[in-house]
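Visitor: Below you'll find the structure I mean.
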Amino acid sequence: MSATETIRPLPPLPVDHIPCHLTSRTPIQGGYKDKTLPLAIGCLGVVFGDIGTSPLYTIRECFHGKHSIGLTPENLFGVMALIFWSLTIVVSVKYVSFILRADNHGEGGIFALLGLVAAESKKLSPRIRIIATGGGILGAGLLVGEGIITPAISVLSAVEGLEVATKAASPFILPITCLILFILFFFQRRGTANIGKLFGPIMALWFLAIAVLGIAAVVQAPQVLLAVNPLYAYHFFVTNKFQSFVVFGSVVLCITGCEALYADLGHFGKKAIRFSWLGLVFPALLCSYFGQTALLLKYPEMAFNPFYGLVPIFFLYPMVALATMATVIASQALISGVFSLTQQAVDLGYAPRFLIVHTSFEIKGQIYVPVVNYALMVGCLLVAIGFRESSGLAGAYGLSVTGTMNITSTLFFILATRGWGWSLRRALPLLILFLAFDLSYFLANLLKVIDGGWFTLLIAGVLTLIMTTWRRGRSELYRKIGTRLPMKVFLEDLARHDIPRVKGTAVFLSVDPEGTSPVLLHHLKHTKVLHERVILLSMKTANRPSVNAREQVEVEDLGQGFFRVIAYIGFMQRPNIPEIMKLAAKHGLQINPAETTFYLGRITIFTHGDSKMMLWRKKLFAFMARAAGSPTAYFNLPADRVVELGAQVQL
Numbered sequence: 008m009s010a011t012e013t014i015r016p017l018p019p020l021p022v023d024h025i026p027c028h029l030t031s032r033t034p035i036q037g038g039y040k041d042k043t044l045p046l047a048i049g050c051l052g053v054v055f056g057d058i059g060t061s062p063l064y065t066i067r068e069c070f071h072g073k074h075s076i077g078l079t080p081e082n083l084f085g086v087m088a089l090i091f092w093s094l095t096i097v098v099s100v101k102y103v104s105f106i107l108r109a110d111n112h113g114e115g116g117i118f119a120l121l122g123l124v125a126a127e128s129k130k131l132s133p134r135i136r137i138i139a140t141g142g143g144i145l146g147a148g149l150l151v152g153e154g155i156i157t158p159a160i161s162v163l164s165a166v167e168g169l170e171v172a173t174k175a176a177s178p179f180i181l182p183i184t185c186l187i188l189f190i191l192f193f194f195q196r197r198g199t200a201n202i203g204k205l206f207g208p209i210m211a212l213w214f215l216a217i218a219v220l221g222i223a224a225v226v227q228a229p230q231v232l233l234a235v236n237p238l239y240a241y242h243f244f245v246t247n248k249f250q251s252f253v254v255f256g257s258v259v260l261c262i263t264g265c266e267a268l269y270a271d272l273g274h275f276g277k278k279a280i281r282f283s284w285l286g287l288v289f290p291a292l293l294c295s296y297f298g299q300t301a302l303l304l305k306y307p308e309m310a311f312n313p314f315y316g317l318v319p320i321f322f323l324y325p326m327v328a329l330a331t332m333a334t335v336i337a338s339q340a341l342i343s344g345v346f347s348l349t350q351q352a353v354d355l356g357y358a359p360r361f362l363i364v365h366t367s368f369e370i371k372g373q374i375y376v377p378v379v380n381y382a383l384m385v386g387c388l389l390v391a392i393g394f395r396e397s398s399g400l401a402g403a404y405g406l407s408v409t410g411t412m413n414i415t416s417t418l419f420f421i422l423a424t425r426g427w428g429w430s431l432r433r434a435l436p437l438l439i440l441f442l443a444f445d446l447s448y449f450l451a452n453l454l455k456v457i458d459g460g461w462f463t464l465l466i467a468g469v470l471t472l473i474m475t476t477w478r479r480g481r482s483e484l485y486r487k488i489g490t491r492l493p494m495k496v497f498l499e500d501l502a503r504h505d506i507p508r509v510k511g512t513a514v515f516l517s518v519d520p521e522g523t524s525p526v527l528l529h530h531l532k533h534t535k536v537l538h539e540r541v542i543l544l545s546m547k548t549a550n551r552p553s554v555n556a557r558e559q560v561e562v563e564d565l566g567q568g569f570f571r572v573i574a575y576i577g578f579m580q581r582p583n584i585p586e587i588m589k590l591a592a593k594h595g596l597q598i599n600p601a602e603t604t605f606y607l608g609r610i611t612i613f614t615h616g617d618s619k620m621m622l623w624r625k626k627l628f629a630f631m632a633r634a635a636g637s638p639t640a641y642f643n644l645p646a647d648r649v650v651e652l653g654a655q656v657q658l
């Protein structure tokens, strides 16, 4: 039994966020006047790694990939216009100007946005609630799929630069890529606290380098700057018709990683992210894309790798090394994001408990999830070996990105109209503008399902199935064990019987604060005694990333030596029961840790009960429940003070 078995999330508590020692990842609030520049440099290595390495393959895929188009000046200007306006509308307008406003007490990301929408559930119809929840879960699955594809396509693209120097390097591209990926995942358990300090400066050097290389090419063909005119994009579609729509699925690669701007909001804040994007990243990316376009105007034979075509031969090997470091940093940022997403899914009740290891004492947001790390490593190596080159992965990549973008736009519209009170006159034009790009990108990438997009759909589908099955199974389990006996009835019955009491304190984890813990009933049935003081501890996951320490614990004296403790945990906090007990002491509930025993339930699930779940989903849920991590480690309980009692439940 888990004390975080909360079926319905609580609405946000009406208190301001105050950093708490229980918080696993503390959002940065205030103090920007002195910290904007350091934060801006820091977020270069975390937020913009993915989108910052997109110039490695975007234009190449438009003119040399499986879904490319003929290389003519008109097509070059048309594609460049699409890239320019995609970066401007989707990233600068949609994400930087609007989506960043949807912060859940400082935090961003798909689950944070879903939490904001869930907080307005009373204003939503059942159908919209289902759409919002399903969309959030699907978006999380797509992001994990992106976490598998990004390291493979990024590192492959960087190492493929060796082919520009010498064709003799071709047989070694894939082995070198696999070795780099293996090393990247192998060292995850050691954390990135030390080398992470170098990520920002390295990425700053990367953006400066691609900007300088791009400017050098633009100077030789300044007419490419005319591509800012959207009429070139219009003529591109009119002239090429359906083929232009196919190429649109490759143009989307220029905005991969835009979700990271929102997902890492809690680490750096809006001001630093906007400062970095507008001050360096956006201009550098435009310089690189315009530079590659200028290069292809003069040397169309470089279409097989226009990015490295910008690099002077004497600087080629250093640039390959810098690109490899940049792609590793981009991969690291996304891997860390998947770890964080996993923790949020566990705390919100969408996934079973996993062992979560904190790799830094100073930076609480740095975590390592072993089972997820190994799954990502196997997935990355398999896709690298299976697709063999970055062009093969481009089809799989676009679907995950565009699918998540559509879900984010939809959830933002629901939040703006139902949560913020925006009128349709204000919100609908934005939704139409956002979806004009998002849906077009998504539909264009559907054409690439056979060429790799199936992989993204498979990953997202499997993860969505797992998360919904876990959520449904928990609901059924709660229905079976959560409301058997009200606590009030139990205490009334206890007063009529002379139950022996023994010295010490017993803490029972309870799903339902108003009900009697099945573990308590099981304990009383077999031992016939109770401790002189009994604490019934329930945890509720809030729709916010962290909860103020002063508001985190409620203590109620139920009489007869019984106390009810309710702990409110943010979805970015780790439930630490010893620390919760310390907070309870401030409410007058003093306990001696040496005389305290924690009772946990270990439930064995059988699948032949009356639940309406399909049998195969029951079996999947039962398997996940058996494979879930130890509650002793998850709740940070002292192992020598824990007693586990078994129980059987028929679903």
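In this text, residue positions in the sequence shown follow the working numbering: the first is 8, and each later residue adds one.
Where a beta carbon is used, it is the ideal one built from N, C-alpha and C, also for glycine.
Computed from a predicted model, the values in this text were never measured in an experiment.
1) In whole angstroms, give me the CA-to-CA distance for Glu170 and Val318.
2) From Cys50 to Gly207, what distance separates their C-alpha atoms?
3) Which one or two residues does DSSP pair with Gly572 in a beta bridge?
4) Am I right that Gly85 and Phe252 are in contact with their C-beta atoms under 8 Å? What's the rounded C-beta distance?
5) Of all the CB atoms in chain C, is at least one closer than 7 Å to the CB of Arg479?
6) Would you report the Cα separation of Val151 and Ile117, rounded to the nearest angstrom?
7) Would you call Pro313 buried or exposed, if buried means 16 or more other Cβ atoms sit within 10 Å of its Cβ?
8) Between the alpha carbons of Glu563 and Thr417, how many angstroms are there, rounded?
9) Helix, strand or coil, according to DSSP, for Gln299 in the structure here?
10) According to the Cβ coordinates, are Ser398 and Pro158 closer than 7 Å?
11) Along the chain, which unbroken stretches of the alpha helix (DSSP H) at least 4 residues long are found entirely within the stretch 404-467?
12) Specify, as a first and last residue, the run of the alpha helix (DSSP H) that Lys532 falls within.
13) Checking 7 Å against the spacing of the C-beta atoms, do Thr548 and Leu355 come in under that value?
14) Apart from the five residues just before and just after Leu446, which ones in its own chain have a Cβ nearer than 7 Å to its Cβ?
15) DSSP three-state label for Leu658, please.
16) Check for me: the beta strand (DSSP E) holding Thr263 runs from which residue to which?
17) Applying the criterion that 16 or more other CB atoms from any shown protein chain within 10 Å of the CB defines a buried residue, is Thr30 buried or exposed?
18) For Arg503, which option in Gln567, Val554, Ser524 has the closest C-alpha, if you only look at C-alpha atoms?
19) Identify whether Ala333 lies in helix, strand or coil by the three-state DSSP scheme.
20) Tell me whether the beta-carbon of Ala147 lies closer than 7 Å to the beta-carbon of Ile217.
21) Keeping to the same chain, check which residues put their C-beta closer than 6 Å to that of Ile76; ignore five residues upstream and five downstream.
22) Do Ile66 and Gln299 have their C-beta atoms closer together than 7 Å?
23) Count the other CB atoms, across all protein chains shown, that sit within 10 Å of the CB of Leu63; report buried if there are 16 or more and exposed otherwise.
24) The alpha helix (DSSP H) spanning Tyr687 covers which residue range?
25) Following the continuous alpha helix (DSSP H) through Phe321, name the residue where it begins and the one where it ends.
26) Per DSSP, what are the beta-bridge partners of His365 in this structure?
27) Give the single residue among Phe179, Ile106, Gly616, Ala47 whose Cα lies nearest to the Cα of Ile392.
28) Excluding the 5 residues preceding and the 5 following Val378 in the sequence, name in chain order all residues of the same chain whose CB lies nearer than 8 Å to its CB.
29) Closer than 6 Å by C-beta to Met326: which residues in its own chain qualify, once you throw out the five before and the five after it? Chain order, please.
30) Relative to the C-alpha of Leu268, which candidate in Val259, Leu388, Trp284 has its C-alpha closest?
31) How long is the line joining the alpha carbons of Leu453 and Thr349, rounded to whole angstroms?
32) Under 7 Å between the Cβ atoms of Thr263 and Ser93?
33) Can you tell me which of the three DSSP states Gly142 falls into?
Guide: So, to answer that:
1) Residue 170 sits at position 163 when you count from the first residue of the sequence shown. Residue 318 sits at position 311 when you count from the first residue of the sequence shown. Distance between Glu170 and Val318, taken at the CA atoms: about 13 Å.
2) Taking the first residue of the sequence shown as 1, we reach residue 50 at position 43. Taking the first residue of the sequence shown as 1, we reach residue 207 at position 200. Straight-line Cα distance between these residues: approximately 7 Å.
3) As a working note, residue 572 is residue 565 in the sequence shown. The amino acid occupying residue 572 in the given sequence is Val; Gly does not appear at that position. Its beta-bridge partners are Leu544, Val562.
4) Indexing the sequence shown from 1 puts residue 85 at position 78. Indexing the sequence shown from 1 puts residue 252 at position 245. Not really, about 12 Å apart at Cβ, beyond 8 Å.
5) Protein chain content of the structure displayed is limited to a single chain, and chain C is not contained in it.
6) Residue mapping note: residue 151 aligns to position 144 of the sequence shown, counting from 1. Residue mapping note: residue 117 aligns to position 110 of the sequence shown, counting from 1. Computed Cα separation, rounded: 12 Å.
7) Residue numbering aside, residue 313 sits at position 306 when the sequence shown is read from its first letter. Burial call: buried.
8) Here the question's residue 563 lines up with position 556 in the sequence shown. Here the question's residue 417 lines up with position 410 in the sequence shown. So the two alpha carbons sit approximately 41 Å from each other.
9) For the purposes of this step, residue 299 is taken as residue 292 along the sequence shown, with counting starting at 1. If DSSP states are grouped into helix, strand and coil, Gln299 belongs with the helices.
10) Walking along the sequence shown from the start, residue 398 turns up at place 391. Walking along the sequence shown from the start, residue 158 turns up at place 151. In this structure, Pro158 does not lie closer than 7 Å to Ser398 by Cβ.
11) Here the runs fully enclosed are 431-453.
12) As a first step, residue 532 is located in the sequence shown; it is residue number 525 there, counting from the start. 525-534 is the extent of the alpha helix (DSSP H) around Lys532.
13) Taking the sequence shown and counting its residues from 1, one reaches residue 548 at position 541. Taking the sequence shown and counting its residues from 1, one reaches residue 355 at position 348. Taking C-beta atoms as the reference points, Thr548 and Leu355 count as a pair closer than 7 Å.
14) Position 439 of the sequence shown holds residue 446. Excluding the 5 residues flanking it on each side, Leu446 has same chain C-beta neighbours closer than 7 Å at Asn413, in chain order.
15) Walking along the sequence shown from the start, residue 658 turns up at place 651. Correct three-state label for Leu658: coil.
16) Reading the sequence shown from its first residue, position 256 is the one you call residue 263. According to the DSSP assignment, Thr263 belongs to no beta strand (DSSP E), since it is labelled neither H nor E.
17) Stepping through the sequence shown from its first residue, residue 30 is reached at position 23. At Thr30, the pLDDT of 32 sits below 50, so the modelled position is not reliable; the number obtained from the coordinates is stated separately. Classification for Thr30: buried.
18) In the sequence shown, residue 503 corresponds to position 496, counting from 1. For Arg503, the nearest C-alpha among the options comes from Gln567.
19) Here residue 333 refers to the residue found at position 326 when the sequence shown is read from its first residue. DSSP places Ala333 in helix when its eight states are reduced to three.
20) As a position in the sequence shown, residue 147 is number 140, starting the count at 1. As a position in the sequence shown, residue 217 is number 210, starting the count at 1. No. Outside cutoff.
21) Position 69 of the sequence shown holds residue 76. Cβ within range, chain order: Asn82, Gln250, Val254.
22) Translated into positions along the sequence shown, residue 66 becomes position 59. Translated into positions along the sequence shown, residue 299 becomes position 292. Between Ile66 and Gln299, the CB-CB gap stays under 7 Å.
23) The sequence position of residue 63 within the sequence shown is 56, counting from 1. Classification for Leu63: buried.
24) Beyond the ends of the chain as shown, which are 8 and 658, falls residue 687; an answer cannot be given.
25) Mapped onto the sequence shown, residue 321 falls at position 314. No residue range can be given for Phe321, since it is assigned to no alpha helix (DSSP H) and is classified by DSSP as neither H nor E.
26) For the purposes of this step, residue 365 is identified with residue 358 of the sequence shown, where counting begins at 1. According to DSSP, which records beta bridges pairwise, His365 is partnered with Ile374.
27) What you label residue 392 is simply residue 385 of the sequence shown in a count that begins at 1. Considering only Phe179, Ile106, Gly616, Ala47, the residue with the shortest C-alpha distance to Ile392 is Phe179.
28) One-based indexing of the sequence shown puts residue 378 at position 371. Once the five neighbours on either side are set aside, the close Cβ partners of Val378 are Phe361, Leu362.
29) Residue 326 sits at position 319 when you count from the first residue of the sequence shown. Within the same chain, Met326 has close Cβ partners Val318.
30) Position 261 of the sequence shown, counted from the first residue, corresponds to residue 268. That would be Trp284, whose Cα lies nearest to the Cα of Leu268.
31) The residue given as residue 453 occupies position 446 in the sequence shown. The residue given as residue 349 occupies position 342 in the sequence shown. Leu453 and Thr349 have their C-alpha atoms roughly 27 Å apart.
32) Locating residue 263 in the sequence shown gives position 256, where the first residue counts as 1. Locating residue 93 in the sequence shown gives position 86, where the first residue counts as 1. Contact: no.
33) Against the sequence shown, residue 142 aligns to sequence position 135. If DSSP states are grouped into helix, strand and coil, Gly142 belongs with the helices.
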